Amino acid sequence: MTYLEILIAALVGFTLGALIFWLLGRQKRIEETASHNLERNKLESLLDQQKGQLEVLDEAKKELSSQFQLLANNIFEEKSEKFKTQNREALQSLLNPLKEDLTQFKTQISNNREKDIRDRTNLLNQLASIQTTGLQMSSDAANLVNALKGESHVQGAWGEMILKTALDASGLEEGREYSVQHSGKSEDGRRLRPDVLVHLPGGGAIILDSKVSLTAYERSASLENEGEREAALKEHKTSVQNHIKNLSSKDYTQLLGVQTLDFVLMFIPIEGAFSAAVRAHEGKNSLLIEDALNKGVVIVTPTTLMIALKTISQMWRIERQNINAYEIADRGGKLYDKFKAFLDDVVEIGKKIENVKSAQEAAINKLATGRGNLVSQAEQLKKLGAKVSKQIPQDLSERAVSEDRGIDFEALTPPKEKSR
């Protein structure tokens, strides 16, 4: 065989060998490709299956979450309604006394307002009638003086009666705003017994005297001779001056246990008697009044006395209103404190309701939601052979187990060992 033939034979053999090797490799690649395609198909099928399971699991989770949320809301509403009922009863027991206090407070304010209006109206009416009352008192006094005929002890009793009438007409109450024939002692042991002691708001008092003699004045009114009349009027003026000196000498400011003002009201029950005494005092109207003031005596007639007594009565009315105002302010402060405490309790109740709601939601989440929830695990323990005497409610069990639908608990069971 020639060299060329050998070369051709070798080339042909190499070519055949390469072809055979390529054919064998191609067959192997075809088999590998088929195997890969099969594996890929299996994986894709498994992936689709897993996706389906995940979708089912997601749907179950959403449904379970929705159902448990509904269940939680129902439970919370039931508990809240019971809690509201209990709170309503507790609040009513707290609010009822407050309501009664507010009603009483409102009634008291309304009564005080109505009383104030009545007092104002009465005061205006009384002030309008002061002059009429004074004139009537003077007229009655003049008529009585004409009948007294100089009996001084009867005049004194009559003067006290006129003074008592004026006191009662002013609105003052005996035993409360004034005292009659109050008996006491001075610091030096003298017995003092003023006709009337008018009490003032704050603890002070005013002495009222009604024992001035009107005998000379009555006689002057019955005399026709001018000279005799003038002499009787001077005697009347002297009688008034002597009574002023007598009152000043008694010094009622020394009366123990009574904080009296530094002057005494000397009551002359007839306006004309006062005017006559002033005119007869050396013809100068101011001297008798100034002389009395210097001795701590203020002369009053029915008209001026009524004005003074009305003023004192008004002072007492204002004092009682102030006392009521203090009481109202005190009760208002107590009501405010009680209402503030009530609001604090309401706020605290709201906080506790929120805490209860949060705790309930957390407990339900731990109990029956999420993968591996307690209800589902308890059911699986029962399936694995745990001995139980009671059953979990079926609806709760089904909802909880659906949360773990993708878990194969049988696969988690340890395999039995083969006997050797």
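Okay, so the sequence shown: first residue is -6 according to the numbering used here, each after it adds one. Ideal Cβ positions, reconstructed from N, Cα and C, are used throughout, including at glycine. The model shown is predicted, which means the values in this text are computed figures rather than measured ones.
One or two residues paired with MET259 in a DSSP bridge: Bridge partners of MET259: ASP202 and ILE292.
Determine, using beta carbons only, whether LEU155 and PRO90 come nearer to each other than 8 angstroms. For the record, residue 155 in the displayed sequence is Ile; it is not Leu. Cβ atoms of ILE155 and PRO90: not closer than 8 angstroms.
Count the other CB atoms within 10 Å of the CB of ALA322; is the residue buried (16 or more) or exposed (fewer)? By the Cβ-count criterion, ALA322 is exposed, with fewer than 16 other Cβ atoms from all chains shown falling within 10 Å of its own Cβ.
Since TYR171 contacts VAL191 with CB under 8 angstroms, what's their CB separation in whole angstroms? Contact annotation, TYR171 with VAL191: C-beta distance approximately 5 angstroms; criterion of less than 8 angstroms satisfied.
Helix, strand or coil for LYS178 per DSSP? Strand, per DSSP.
Beta-carbon proximity list for LEU185, same chain, < 7 angstroms, skipping 5 on both sides: Answer for LEU185: GLY177, LYS178, SER179, LYS243, TYR245 and LEU248, listed in chain order.
Going by DSSP in three states, GLY197 sits in which element: helix, strand or coil? It is a strand residue.
Residues bridged to VAL189 [DSSP beta-bridge criterion]: Under DSSP, VAL189 forms a beta bridge with VAL173 and LEU201.
Selection from GLY6, GLN97 and LEU(-3) that minimises the alpha carbon distance to GLU320: The shortest C-alpha separation from GLU320 is found at GLN97.
Buried or exposed (CB count within 10 angstroms, at least 16 for buried), LEU280: Flag for LEU280 reads exposed.
Could you check the C-alpha separation between GLY143 and SER103 for me, to the nearest Å? At GLY143, the pLDDT of 49 sits below 50, so the modelled position is not reliable; the number obtained from the coordinates is stated separately. Each residue's CA atom was taken as its position, placing GLY143 and SER103 some 55 angstroms apart.
Mapping the DSSP letters down to three states, classify THR253 as helix, strand or coil. Looking at THR253 - three-state DSSP - the assignment turns out to be strand.
Would SER213 be called buried (16 or more neighbouring beta carbons within 10 Å of its own) or exposed? If you draw a 10 Å sphere on the C-beta of SER213, you find 16 or more other C-beta atoms in it, and that means buried.
Residue interval of the alpha helix (DSSP H) (run including ASN239): Element bounds for ASN239: 219 to 243.
Cβ separation of GLN174 and ASP161, assumed to be a contact under 8 angstroms, to the nearest whole Å: Between ASP161 and GLN174 the Cβ distance is about 16 angstroms, and since that is not below 8 angstroms, they are no contact.
Per DSSP, ARG184 is paired with what? Bridge partners of ARG184: LYS178.
If you drop the 5 nearest sequence neighbours on each side, which residues of the same chain put their C-beta closer than 7 angstroms to that of GLU153? These residues qualify, in order along the chain: ASP188 and SER203.
Quickly, what does DSSP pair GLU167 with across the bridge? List them, please. Residue pairing by DSSP places GLU167 opposite TYR171 in a beta bridge.
Give the secondary structure of ASN366 by DSSP, where H, G and I count as helix, E and B as strand, and everything else as coil. DSSP places ASN366 in coil when its eight states are reduced to three.
Output the distance between the C-alpha atoms of THR362 and ARG324, rounded to the nearest integer angstrom. Cα-Cα distance, rounded: 56 angstroms.
Please state if the CB of ALA301 and the CB of VAL293 are separated by a distance shorter than 8 angstroms. In this structure, VAL293 sits near ALA301, with a CB-CB distance shorter than 8 angstroms.
Could you give the distance in angstroms between the alpha-carbon of GLN387 and the alpha-carbon of LYS375? For GLN387 and LYS375, the distance between alpha carbons rounds to 14 angstroms.
If we count the other Cβ atoms within 10 Å of its Cβ and call it buried at 16 or more, is PHE267 buried or exposed? Looking at its Cβ environment, which holds 16 or more other Cβ atoms inside 10 Å, PHE267 is buried.
Taking buried to mean at least 16 other C-beta atoms within 10 Å of its own C-beta, is ILE305 buried or exposed? Counting the other CB atoms within 10 Å of its CB gives ILE305 a total of 16 or more, which places it among the buried residues.
To the nearest angstrom, how far is the alpha carbon of LEU254 from that of LEU201? Rounded to whole angstroms, the gap between the alpha carbons of LEU254 and LEU201 is 11 angstroms.
Helix, strand or coil: how does DSSP classify GLY343 here? DSSP places GLY343 in helix when its eight states are reduced to three.
Does SER382 come out as helix, strand or coil in the three-state DSSP assignment? The answer is coil: DSSP assigns SER382 none of H, G, I, E or B.
Rounded to a whole number of angstroms, what is the C-alpha to C-alpha distance between LEU193 and GLU223? Straight-line measurement puts the Cα of GLU223 at about 41 angstroms from the Cα of LEU193.
Beta-carbon within less than 8 angstroms of ASN278's beta-carbon, same chain only, minus the 5 sequence neighbours each way: which residues are those? Because the pLDDT of ASN278 is 49, which lies under 50, any placement of that residue in the model is unreliable, and the number read from its coordinates should be weighed accordingly. Cβ within range, chain order: VAL271 and ARG272.
Continuous alpha helix (DSSP H) stretch holding THR246: start and end: THR246: not part of any alpha helix (DSSP H); DSSP gives it neither H nor E.
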